[in-house]
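Following this note's numbering, the numbering of the sequence shown begins with 448 at its first residue and continues without gaps.
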Amino acid sequence: MAAAKPPLVIRGARLIDGTGRGPLDDATILIEGNRIAGVTTDPAPLPEGARIVDARGKTVLPGLIDNHVHYRSYCGELFLAHGVTSVRDLGNPLEWILAQRDAVALGKVPGPRIFCTGGGFYGKATAEHHTVATDPEQARGVARELIALGVDYLKIHLGVSLEITRAVAEEAHEAGLKVTGHLDSSIVPYAEAGIDGVEHATGCAEETIRSEIGRKGLSEIKLWLAKFLGPWTLAERAHFPRLVDFLAKKGTFIEPTTVLWGAALGKRDRWEREDYDALKNPGLSYISEHERLLWLDHYYTAYGPRIKDAPEGDVVMGNRYSIYGILPEEELREGFRRLGEFLSLLVEAGGNVVTGTDAPAVMPGISLHRDMELLVEAGLSPMQAIVAATRAGAAYLGQADRLGTVEKGKLADLVIIDGDPLADITRTRRIQTVIKDGEIVDTSYHASFSNPFPRSHTREFYGYPRPALHGISPKMVPAEDRDVELVLHGREFYPASVVCAGGRSVATRFISQTELAATIPAHLVKAGTIFVSVKNPKPHETPDRGGTSNDLPLIVRFPQDPSRTVPPP
448 MAAAKPPLVI RGARLIDGTG RGPLDDATIL IEGNRIAGVT TDPAPLPEGA RIVDARGKTV
508 LPGLIDNHVH YRSYCGELFL AHGVTSVRDL GNPLEWILAQ RDAVALGKVP GPRIFCTGGG
568 FYGKATAEHH TVATDPEQAR GVARELIALG VDYLKIHLGV SLEITRAVAE EAHEAGLKVT
628 GHLDSSIVPY AEAGIDGVEH ATGCAEETIR SEIGRKGLSE IKLWLAKFLG PWTLAERAHF
688 PRLVDFLAKK GTFIEPTTVL WGAALGKRDR WEREDYDALK NPGLSYISEH ERLLWLDHYY
748 TAYGPRIKDA PEGDVVMGNR YSIYGILPEE ELREGFRRLG EFLSLLVEAG GNVVTGTDAP
808 AVMPGISLHR DMELLVEAGL SPMQAIVAAT RAGAAYLGQA DRLGTVEKGK LADLVIIDGD
868 PLADITRTRR IQTVIKDGEI VDTSYHASFS NPFPRSHTRE FYGYPRPALH GISPKMVPAE
928 DRDVELVLHG REFYPASVVC AGGRSVATRF ISQTELAATI PAHLVKAGTI FVSVKNPKPH
988 ETPDRGGTSN DLPLIVRFPQ DPSRTVPPP
């Protein structure tokens, strides 16, 4: 048996312990094994042979927690390098994420602690690992199977009935586990049915939208990604106090994923530059092109679609959309203001707000700090944002007795940073040392990093799906010296989708996820057959599959002889 390592002592730090109490100056933190053995300001003698970390002039925080990720096999070093020592995985094939979780726990693969649920319960499955229960009894059976397999919590997604939600929650609570929900209607009945928290703050804005005009506006938000943010542009402040009081008394956790508002708040260019600079590190050479495109050419709601200028002589997206293709930026900024007011009221009432990023839709690790920064921009104090990433985050994991604060008996997950985050929350980025499970972590990147459990890419959540083109109208046009207007029907269309005619991009206008309008310029309208398709930008949902639809023919007929007499029908 290997000899126990000597105690680890952090000396001279300014400690922000995650409880919400004020900082403790000149603190000494004693770590024995993987536990915090004590915290003191007394100059007591140190244990013989102790390893010393001099943290004078530095700040110590609990290890940070990202409460909304979709873990991938390449994420481990990125999280640890930014002080994220625990993550909650919101959806993966169960066998894979359990193997990944246990490999990290055993020290076989570097990474944060992983808390997982598998695929979750859905009203309609969109991936092989999603469960669709037809009645409460079937849901109970599946919940028991998941609990027996060792999941850390249970998840309810869109379209699950209240009856099934109640059955799942009862099974989870009996086993001492929590239930999270991603909702598209009011949070109140689901909280009463037993969910313990929600992702992306879903269901909160919806509960406050009571007016006829607000309900009408809500019904008009069709694009799935827009539903993350759009409801807050319609949220009605008059109904905030009642909902805040309800949620605070219930202890319901709200994970607002504030990084999704980055583009509306003017963050996109700076964040992209930061990601670009980070990915130049040769130690991250194992990050594939597909993953790099997620962060450097963002399509996701955190940044909005990137509209590029076309090559000379080509025509693209003549219609310049606002972010997300549906909402003006000012409306989104107003939505963020309303979200901020709601979150601030909730925290002041004693409610629970936690950090979450949806990584790797955004770059893992650094985005947790961006989320904290936006919580402060939304109206929370720096201390409240830190609590959201530590104590409150641990409570949402059901780990409040083990993680989230720097207190005697807790697991020794800590971060040492340079500077005072209470004066400037961005100082949390200045990571000096990361300690996980009582050991100092190597936070550098290694080109040799490998994971014995690569994740199958049979279906990827983060990426545009292949569009399907079902029909075009008109199907035949005369070869005249004029532009041709087309309407395309199909599915999986997005604001960044582009129509191609004869292999050339043409001006495209997004109407809905099933309809696009396009203009073929006159110089391309020559007699013959023009093949029309729709192209979604990279990255695609499956890296090895292109993002272009099937082709449909547009017949350009020769102009008829005007002297030809056409008999009446």
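Note that CB positions come from ideal geometry on N, CA and C, so glycine has one too.
- Rounded to the nearest whole angstrom, the C-alpha separation of P899 and G565 is 19 Å.
- Across the set I967, L935 and Y909, the C-alpha of I967 shows the shortest separation from the C-alpha of D928.
- A residue is called buried once 16 or more other Cβ atoms fall within 10 Å of its Cβ, and Y723, having fewer, is exposed.
- Inter-segment contact for the region 834-842 and the region 792-812 is present: three or more beta-carbon pairs are separated by less than 8 Å.
- The DSSP-derived three-state label of Y911 is strand.
- Distance from the CA atom of P557 to the CA atom of G918, rounded to whole angstroms, is 49 Å.
- Straight through space, the alpha carbons of S891 and E524 are spaced by roughly 8 Å.
- DSSP places T532 within a strand segment (E or B) once states are collapsed to three.
- Check the Cα spacing between R591 and each of L670, A614 and L605: the tightest is with A614.
- Three or more beta-carbon pairs drawn from the region 685-694 and the region 781-799 are found closer than 8 Å, and the two stretches are therefore classed as touching.
- At least 9 Å separates the beta-carbon of L665 from that of A640.
- By the Cβ-count criterion, L707 is buried, with 16 or more other Cβ atoms from all chains shown falling within 10 Å of its own Cβ.
- When the five nearest sequence neighbours on each side are left out, the beta carbons in the same chain lying within less than 7 Å of the beta carbon of R877 are those of I864, D865 and G866, in order along the chain.
- Between the alpha carbons of H686 and I634 lies a distance of about 13 Å.
- DSSP places C651 in the helix class (H, G or I) of the three-state scheme.
- In this structure, the CA atom of L630 is about 46 Å from the CA atom of T488.
- Secondary structure at P583: helix, using DSSP grouped into helix, strand and coil.
- Put simply, the backbone Cα of F526 is about 20 Å away from that of D599.
- The DSSP-derived three-state label of A673 is helix.
- For A484, no alpha helix (DSSP H) segment is defined; the enclosing uninterrupted segment is the beta strand (DSSP E) at R482 to T487.
- Looking at the backbone, the Cα of V645 and that of L971 are separated by about 50 Å.
- Taking 9 Å as the cut-off, the beta carbon of A964 is found closer than this to the beta carbon of L935.
- When only Cα atoms are considered, E584 and L593 end up about 14 Å apart.
- Proximity to G606 across H620, A595, H577 and E617 peaks at H577, based on C-alpha coordinates.
- Closest in C-alpha terms to F978, from the list I463, G782, D930 and L916, comes L916.
- Here E654 has S633, I634, V635, H686 and L690 as same chain residues with Cβ atoms under 8 Å from its own Cβ, once five neighbours each way along the sequence are excluded.
- Distance from the CA atom of A546 to the CA atom of A648, rounded to whole angstroms, is 30 Å.
- Boundaries for T705: no alpha helix (DSSP H) harbours it, and the DSSP string shows neither H nor E there.
- At a Cβ-Cβ threshold of 9 Å, G510 and G530 count as neighbours.
- Collapsing the DSSP output to three states places L630 in coil.
- For L609, the enclosing alpha helix (DSSP H) stretches over residues L609 to E621.
- For H515, the uninterrupted beta strand (DSSP E) run begins and ends at L511 to V516, by DSSP.
- If you draw a 10 Å sphere on the C-beta of D848, you find fewer than 16 other C-beta atoms in it, and that means exposed.
- Taking C-beta separations shorter than 7 Å and ignoring five residues to either side along the sequence, the partners of A616 in its chain run V626, A640, G641 and I642, following chain order.
- The closest CA to that of C563, considering only R717, R720, Q960 and H515, is found on H515.
- Taking C-beta separations shorter than 8 Å and ignoring five residues to either side along the sequence, the partners of S791 in its chain run A825, G826 and L827, following chain order.
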